[in-house]
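Report on the following structure.
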Amino acid sequence: MHAVTIREPGGPEALAWTEVPDPEPGPGEVLLDVVATAVNRADLLQRQGRYDPPPGASPYPGLECSGRIAALGPDVTGWEIGDEVVALLAGGGYAERVAVPAGQVMRRPQGISLRDAGGLAEVACTVWSNVFLLANLRPEELLLVHGGASGIGTTAIQLAKAVGARVAVTAGTKDKLERCRELGADVLINYREDDFVEAVREAGGAAGGADVILDNMGAKYLGRNVDALATNGRLVIIGMQGGIKAELDIAKLLGKRAAVLATSLRARPVAEKAAIVAAVAEHVTPLVDSGAFRLVIDRVLPITDVADAHRVLEASEHVGKVLLEVSR
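Just so we're aligned, residue 1 is where the sequence shown starts under UniProt numbering, counting upward by one.
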């Protein structure tokens, strides 16, 4: 088969469509013929040599895919060859074939094409596990999403609105904020011009801020995120785009009875990932099928144009997901 390999750590030009050995499904795994995958920030970090795959994972980038089951490993039940599925991966999605634990696979929702579903798993699993399973966002609470026009952001807006929460977002352009408004965002904050702490405190009313904050920035926003939390608020950090080290004011945190949580998805044990995928299948798939949630796709490129796709993400030129389609 062919897969995207990394010649050496570096820029997008380091990516190459290369002939490699076919994967074999092990016990409890299924083999997928990949139809599409998507570009995530973690892929950029891996290309740069800053984010190695977990032990035992495929060395090729790609944390999600859609495709058809091509073979079943030992001890796999409940699936048949030819089933159309969506998969959460620890790596290997940038390829014609990938082996994945059966628990990290879910049936393709009927409300989305198999190609477009290539960008569903990572954002749906990230948002559902962090905003709902971990931070327990409830109806009428206020969620602040940094990077509202990203794949994560456009997903978080819609899922939060689906459960009856209010949503504030940050973005860097009027066009991106308008796209967020179209998806249901209630409070639009241009981070280049406005103070998100002040805006969220005003929107929070008596609560005094955001009940849940989904943050991709890390160190750069830590202090201001704590300032923006409501009493009993929950800050969930899922990225490090703004650095890895910052000072935390414990007194403010104690005064608000607030929590700072940090998670990653890629390195979790298979059983934890399977539980998250099952929760997404239960709660998100019906929203896709009913039209209450629509995956926002910025563009679809052939996987041989993977370098261009990485450049788009690095330049933050996109709204929603950037997909890579595998042709045979």
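For every residue, glycine included, the Cβ atom is placed at its ideal position computed from N, Cα and C.
- In the DSSP assignment, Glu84 forms a beta bridge with Arg68.
- Remark: C-beta atoms of Leu63 and Leu89 approach each other more closely than 8 Å.
- A distance below 6 Å between beta-carbons, with the five flanking residues on each side excluded, links Val123 to the following residues of its chain, in chain order: Gly151, Ile152 and Thr155.
- In this chain, the beta strand (DSSP E) harbouring Asp298 covers Ile297 to Pro302.
- The beta carbon of Ile297 sits closer than 7 Å to those of Asp116, Gly119, Gly320, Lys321 and Leu323, all from its chain and outside the five residues before and after it, given in chain order.
- For Glu182, the enclosing alpha helix (DSSP H) begins and ends at Lys174 to Leu183.
- Secondary structure at Pro23: coil, using DSSP grouped into helix, strand and coil.
- Shown here, Arg201 sits in a helix according to DSSP, grouped into three states.
- DSSP places Asn225 inside the alpha helix (DSSP H), whose first and last residues are Leu222 to Ala228.
- The shortest CA-to-CA distance from Gly56 to any of Ala315, Gln241, Asp227 and Gly92 is the one to Gly92.
- Within a 10 Å sphere around the beta-carbon of Thr37 sit 16 or more other beta-carbons, which makes this residue buried.
- Residues His318 and Val322 of the same chain have their beta carbon placed closer than 6 Å to that of Val312, with the five preceding and five following residues left out of the count.
- Within 10 angstroms of the beta-carbon of Pro9 lie fewer than 16 other beta-carbons, which makes it exposed.
- Distances from the alpha-carbon of Asp186 to those of Val200, Ala281, Asp194 and Val260 put Val200 closest.
- In the structure shown, Ile213 falls within a strand segment according to DSSP collapsed to helix, strand and coil.
- DSSP places Leu254 within a helical segment (H, G or I) once states are collapsed to three.
- Secondary structure of Trp79 (DSSP, three-state): coil.
- Residues of the same chain with a CB within less than 8 Å of the CB of Leu133, apart from the 5 flanking positions on each side, are Ile276 and Ala279 in chain order.
- According to the DSSP assignment, Arg166 belongs to the beta strand (DSSP E) that extends over Arg166 to Ala171.
- The beta carbon of Pro54 sits closer than 6 Å to those of Ala90 and Ala267, all from its chain and outside the five residues before and after it, given in chain order.
- As summarised for the stretch 269-318, the continuous beta strand (DSSP E) elements at least 3 residues long and confined to that stretch are 297-302, given in chain order.
- Its chain contains Gly73 as the residues whose beta carbon lies nearer than 6 Å to that of Gly26, once the 5 sequence neighbours on both sides are disregarded; these appear in chain order.
- Beta-bridge partners assigned by DSSP to Pro101: Glu29.
- The straight-line gap separating the alpha-carbon atoms of Gly184 and Ile157 is approximately 7 Å.
- Within 10 angstroms of the beta-carbon of Lys252 lie fewer than 16 other beta-carbons, which makes it exposed.
- Exclusion of the five residues before and after Ala168 leaves Leu144, Val187, Val200 and Ala203 as the residues of its chain whose Cβ lies within less than 6 Å of its Cβ.
- Judged by beta-carbon spacing, Asp83 lies within the 8 Å limit of Arg68, meaning their Cβ atoms are closer than that value.
- Within the same chain, Leu144, Asn225 and Leu235 come within 6 Å of Ile213 by CB-CB distance, once the 5 residues on both sides are set aside.
- Ala230 and Gln48 have their C-alpha atoms some 37 Å from each other.
- Within 10 angstroms of the beta-carbon of Gly291 lie fewer than 16 other beta-carbons, which makes it exposed.
- Within 10 angstroms of the beta-carbon of Leu248 lie fewer than 16 other beta-carbons, which makes it exposed.
- Between the alpha carbons of Glu24 and Ala70 lies a distance of about 11 Å.
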